[in-house]
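Quick notes on the structure that follows.
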DNA sequence: GAGTGGTCTAGACCACGCA
DNA sequence: GCGTGGTCTAGACCACTCA
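Protein chains in written order, with the working numbering: chain A, 1 to 242; chain B, 243 to 484.
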């Protein structure tokens, strides 16, 4: 960690990741006070600003609590989980967060003209082609979620049709240079019987619908997805901060 | 904005708020480029770090997009709203965000021993006293939400019983020096008919349940609330970021 | 290659908490 | 009153974008 950092990973991030590791590993117990900023500066051989940047990051992740005049403390939320919907992850990651080992089955992939709602969300002309991926997510033999992803067809080379949807859609998008960095999600409660793609198992359940548009770094909508999570098979959390 | 800032409001925040105002007012249109950091430094007479702190704040709020080597741009989410559940607000604020003018009616306030679930969420001994506030939120004559707030009784002086629950609970907590700064919320879909406090109107509806524990600055749970929002009478959004 | 943001430093002074 | 975090500055160099 020299004065001029040529490495790809910013110093602040390295420090944050190391602190995170030490916290998660139990070196710092919940409720414990972390070393002071001055001590961290010395330990990591970085400036105070760098330490503070790292600390702020951990704070925004809900991992530490910084108290003016007192110190930085490991947040103790009584063992409850610490990451949630406010962090953009793929559906599969989101599900795994909730402690479920999931399997994905692609039901279908189709290319067709966009309907009005799809076109407006993706900010493309109505009727222009989109790629639709329909997937089912299982844990064991129980369906835990159903997802429908729509992407503008011109963003997805036909060569990807084979692979798209068998694993994370995010992976494919990343590879195409279309990294989703922001998503605007709406949450709704729906009856399985009102969802036409639901199978018999799901149609008797209540579902939590995550209706979201994903944007890339320059603000282009790159995917519109509706994910129906079967109520009770997950724990959806959101960390809300002021 | 002098070199030594004695005022309560940090410079970075002042800059952020001014930029926000200028963006919202339309001075900078969606998609437009903001002035460069150097220009902002000069305009606001602050250092670059201060400008960047402000810019980062706006970015995390989803208002601007910062592009390395290019500039800062007003995010264009197609007119969709920009604040959401990830920001901790009171229920009444949350509702007003969604464009609804709401009225609150306190149904009841009671003091009684905590049940197991309540005690565990509030991290207090089972059976110790809690204050329960039951409220109904209306828009016109339609019920849009029902809320149940539970707080440890020892935090709420009996003198507050008169006022608590007729307006925002947050207001009272603030006054008592119990500012909620973080909340961990779970989201569930439930049937109105499964909620025993629902009235006839609500019991036929689907509800989105926000089940949350509020924490103060030092990580103490200060309130446990269940808010049932009638599906379709709101738009719940979450801005998710990487 | 000029201009923009990304990262980092050293040093200063202020405000809060707690013994 | 000491130690902790909160804010701010000036200056440096790197990395990216775009013409």
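Ideal placement from N, C-alpha and C gives every residue a C-beta, glycine not left out.
The beta-carbon of residue 187 of chain A is placed less than 8 Å from the nearest beta-carbon of chain B. Assignment of residue 180 of chain A by DSSP, reduced to helix, strand and coil, places it in the strand class. In this structure, the alpha-carbon of residue 298 of chain B lies about 44 Å from that of residue 353 of chain B.
Rounded to whole angstroms, the separation of the alpha carbons of residue 310 of chain B and residue 408 of chain B is 49 Å. Looking from the CA of residue 296 of chain B, the closest CA among B/255, B/469 and B/345 belongs to B/255.
If you look at residue 126 of chain A, you'll find it isn't in any alpha helix (DSSP H); DSSP assigns it neither H nor E. Assigned with DSSP and collapsed to three states, residue 113 of chain A falls in strand. With a threshold of 8 Å between beta carbons, residue 304 of chain B makes contact with chain A. Taking a Cβ-Cβ cut-off of 7 Å, residue 371 of chain B has no neighbours in chain A, whose nearest Cβ is about 20 Å from it. By the criterion of at least three beta-carbon pairs nearer than 8 Å, the stretch 464 to 483 of chain B is in contact with the stretch 187 to 196 of chain A. DSSP places residue 158 of chain A in the helix class (H, G or I) of the three-state scheme. Residues of the same chain with a CB within less than 8 Å of the CB of residue 290 of chain B, apart from the 5 flanking positions on each side, are 279, 280 and 283 in chain order.
Residue 224 of chain A places its beta carbon less than 8 Å from that of residue 122 of chain A. Judged by DSSP in its simplified three-state form, residue 257 of chain B adopts helix. In terms of beta-carbon proximity, residue 328 of chain B lines the interface with chain A, with at least one pair separated by less than 8 Å.
DSSP places residue 452 of chain B within a strand segment (E or B) once states are collapsed to three. In the structure shown, the three-state DSSP call for residue 444 of chain B is helix.
It is roughly 13 Å from the alpha-carbon of residue 454 of chain B to the alpha-carbon of residue 362 of chain B.
Taking a Cβ-Cβ cut-off of 9 Å, residue 403 of chain B has no neighbours in chain A, whose nearest Cβ is about 26 Å from it.
Taking each of A/205, A/70 and A/184 in turn and checking the Cα distance to residue 220 of chain A, the smallest one comes out for A/184.
Here residue 147 of chain A is buried. Its C-beta has 16 or more other C-beta atoms within 10 Å. Within chain B, no residue has its beta carbon less than 7 Å from that of residue 109 of chain A; the closest one is some 25 Å off.
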